[in-house]
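All residue numbers for the sequence shown refer to numbering that gives the first Met the number 0, where the first residue is 0 and numbers rise by one.
Glycine included, C-beta positions come from ideal geometry on N, C-alpha and C.
Note that the structure is a prediction, hence the values are computed from the model and not measured.
Please read the structure below before turning to the comments.
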Amino acid sequence: MNILILGSGGREHAFTLKLSQSDKVNRIYVAPGNAGTSQIATNININPTDFKAVKETVIKNQINMVVVGPEAPLVNGVHDFFLADTALQNIPVIGPKKDGALLEGSKDFSKIFMEKHNIPTARYQSFTKENLSEGFLFLETLNSPYVLKADGLAAGKGVLILDSLKEAKNELEEMLTNQKFGEASSTVVIEEFLDGIELSVFVLTDGKSYKILPSAKDYKRIGEGDKGLNTGGMGAISPVPFASEDFLSKVEERIVIPTINGLQKDGIDYRGFIFIGLMNVDGNPQVIEYNVRMGDPETEAVLPRIDSDLLDLFEGVANQTLDKKSFSINPKTAATVMLVSGGYPEAYENGKEMTGIEKVTESIVFHAGTTIQENKTLTNGGRVMAITSFGDTIDEALKKSYASIENIHFENMNFRKDIGFDLI
Ligand code: AMP
Ligand code: GLY
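What follows is the structure, given as C-alpha cells:
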C-alpha cells in the first residue's frame with residue numbers, strides 16, 4: 000500500500016517510522032514532512048489544509064490510505080472532502096469527519112457531548128458577548144482559580160487560568176467583546192478548576208470497537224519544575240506510573256466506553272484517534288479536553304511502545320474490523336525529550352545547522368522542525384527534535400535520552416533537563 004501522512008512534526012515522523020516497519024507498506028509520502036521524514040519517505044511540499052493539492056498528490060502517487068496528523072485538516076473537513084469526491088471516496092482517511100472533529104474544534108460542543116453522555120468533566124457554562132453579564136455572575140459562583148476557554152481552535156493558547164475574579168472578568172470581556180482569540184473566542188466556556196495530576200489517554204477507534212493505547216504524560220511548560228510559558232510540549236513519559244490498572248479501568252468504564260457509545264448514539268461515524276486529556280482528581284478521572292488526533296510529543300513516546308503492525312490496525316479502523324486485530328504493547332518505559340530553538344515558545348531563529356545527529360545510537364531521533372538544505376540539516380521551527388529512549392525504569396530511559404542529546408548541537412539549543420521529575 001502507498002500511504003500519505005499529513006503533517007510535519009515529530010508525531011508525523013513517528014507515524015512514518017512505525018508505518019515503514021510494516022510489510023504491507025510500499026511507499027510513504029509525507030506532506031509537508033521534515034528532514035527526518037525525507038530520509039525514510041518522500042516529502043511533498045503542500046499545505047495539508049489545501050485539499051485540492053492533497054487530492055492531486057493522492058491521485059498522482061496512487062495513494063491507498065491517508066493518515067492525518069494535526070487537527071486543522073480534520074476540523075476543516077478533509078475526511079468529508081474525500082467522501083464527497085468520486086475519485087477519492089474509496090481511499091480511507093484515518094481521522095474523523097467534521098462532525099467528530101468538533102470534539103476538538105468546539106469546546107462548547109465537547110462539553111455538551113460529555114454532559115449528554117454522563118462523562119465526568121468539570122462543571123461549566125458557555126457564554127457569548129450577548130450574555131456577558133451572566134458570565135460575570137457565573138464566575139462569582141466559582142472559586143479561584145478561574146478557567147476560561149475559547150470555544151474554537153486557538154493554536155493551543157485559548158485556555159486561561161486566572162487567580163483573581165477581577166482578572167477573570169476582564170479576560171472574559173477581552174475574549175468575548177474584543178475577540179482576544181479572534182472568532183475562536185466568540186463563545187467562551189467557563190469551568191470549574193480541577194485539582195489533580197494530568198495524563199493523556201489515547202484511543203484508536205473504528206466507530207464500533209476501540210483499542211486503548213499506552214498512556215502518557217507530557218510536559219507543557221518551557222521551564223524546569225513546570226514553570227514559565229506553555230509550549231506544544233517539551234517531553235513525554237509513557238507509561239505513567241500513577242495510571243494504575245484500577246485507575247485505567249475507571250477511565251475505560253467511565254470515559255472511553257461512554258465516549259464511543261455516545262458518538263454512535265449521536266450518529267457520528269468516528270474513525271481515528273481520540274486523545275483524552277484527563278485529570279486524576281483523588282483517584283477519579285475527569286476529562287479536561289478531547290483532541291481528535293494524537294498528541295505531540297506523546298506520540299513519540301507512545302508509538303514506539305506499540306509492537307503491533309500499525310498499518311494493520313489502521314486497516315481495521317478503515318474496515319471496521321479493529322476488534323479482530325491483535326494489539327500488543329511493549330512493557331518498557333519510553334522517555335522523550337524535546338530539543339527546542341532558543342527563545343521558543345516566543346520568537347526564535349530558524350536555519351541553525353545541526354550536527355551530531357548520526358552519533359545517536361541508543362535512542363530514536365524524531366525530527367520535528369527540521370529541514371535539509373545543501374545536505375545540511377537545519378532547524379526549521381520552535382520544537383526541533385524529539386529524542387526517545389527505552390528503559391526498565393523512567394530513570395534509565397531518561398538517562399539514555401539525555402546521554403544521546405549530548406551528541407547533538409545547534410546554536411541556542413534548549414531542552415528541559417527535568418522531564419519526568421514528578422514521576423520518579
Ligand atoms: P486544554 O487546551 O483544554 O488542554 O487546556 C490547557 C491546559 O489547561 C490543560 O492541559 C490543563 O493543564 C489546564 N486546564 C484546562 N482545563 C482545566 C480545568 N478545568 N482545571 C484545571 N486545569 C485545567
Ligand atoms: N502535547 C499536547 C498536544 O499535542 O496537544
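- The DSSP assignment places complete alpha helix (DSSP H) segments of no fewer than 4 residues inside the segment 27-113 at 34-39, 50-59, 70-74, 77-82, 97-104, in order along the chain.
- In the DSSP secondary-structure assignment, M278 is bridged to E197, Q285.
- Distance from the CA atom of S109 to the CA atom of T85, rounded to whole angstroms, is 31 angstroms.
- Inter-residue distance for E129 and K399 is about 55 angstroms (C-alpha atoms, whole angstroms).
- For Q263, the uninterrupted alpha helix (DSSP H) run begins and ends at 256-264, by DSSP.
- Annotation: the continuous alpha helix (DSSP H) that includes M174 extends over 164-175.
- In the three-state reduction of the DSSP assignment, E139 falls in the helix class.
- V291 has its alpha-carbon roughly 7 angstroms from the corresponding atom of G94.
- For the 7 angstroms CB-CB criterion, M113 and V286 form a contact.
- Nearest to G231 by alpha-carbon distance, out of V57, L175, Y343, is Y343.
- If you check the CB distance, A242 and S214 come in under 7 angstroms.
- The residue among S163, V67, L87, A71 with its C-alpha nearest the C-alpha of K59 is L87.
- Taking the CA atoms as reference points, N63 sits about 33 angstroms from K216.
- Spanning the alpha carbons of G315 and K264 requires a straight line of approximately 21 angstroms.
- Per DSSP, the beta-bridge partners of K375 are Q372.
- Assigned with DSSP and collapsed to three states, Y218 falls in coil, not helix or strand.
- Annotated three-state conformation of K210 is strand, per DSSP.
- Taking C-beta atoms as the reference points, G157 and A183 count as a pair closer than 7 angstroms.
- Look at E357 here: in three-state DSSP terms it is helix.
- For S19, no beta strand (DSSP E) run applies; the uninterrupted alpha helix (DSSP H) run containing it begins and ends at 9-19, by DSSP.
- Its chain contains P257, T258, N260, G261, K264 as the residues whose beta carbon lies nearer than 8 angstroms to that of H116, once the 5 sequence neighbours on both sides are disregarded; these appear in chain order.
- Here the residues close to ligand 2, judged by CB distance below 5 angstroms to any of its heavy atoms, are D217, G232, G294, D295 in chain order.
- Taking every protein chain shown into account, the CB of P330 has fewer than 16 other CB atoms within 10 angstroms, so this residue is exposed.
- When secondary structure is reduced to three states using DSSP, E299 falls in the helix class.
- The segment 409-422 and the segment 334-350 touch, with no fewer than 3 CB-CB distances between them shorter than 8 angstroms.
- If you check the CB distance, N1 and Q38 do not come in under 7 angstroms.
- For E190, the pairing in a beta bridge is given by DSSP as Y123, V146.
- Residues V200, P284 of the same chain have their beta carbon placed closer than 6 angstroms to that of V250, with the five preceding and five following residues left out of the count.
- Residue nearest to A121 within the set E395, E170, I189, I363 is I189 (criterion: CA-CA distance).
- Taken atom to atom, the span from the alpha-carbon of D49 to that of L101 is near 20 angstroms.
- G104 has its Cβ no nearer than 6 angstroms to any heavy atom of ligand 1.
- Secondary structure of V291 (DSSP, three-state): coil.
- Relative to the non-hydrogen atoms of ligand 1, the Cβ of A121 comes within a distance shorter than 6 angstroms of at least one.
- L3: member of the beta strand (DSSP E) spanning 2-6, first to last residue.
- Per the coordinates, the alpha-carbon of D281 lies some 14 angstroms from the alpha-carbon of L247.
- Taking 7 angstroms as the cut-off, the beta carbon of G206 is found no closer than this to the beta carbon of D245.
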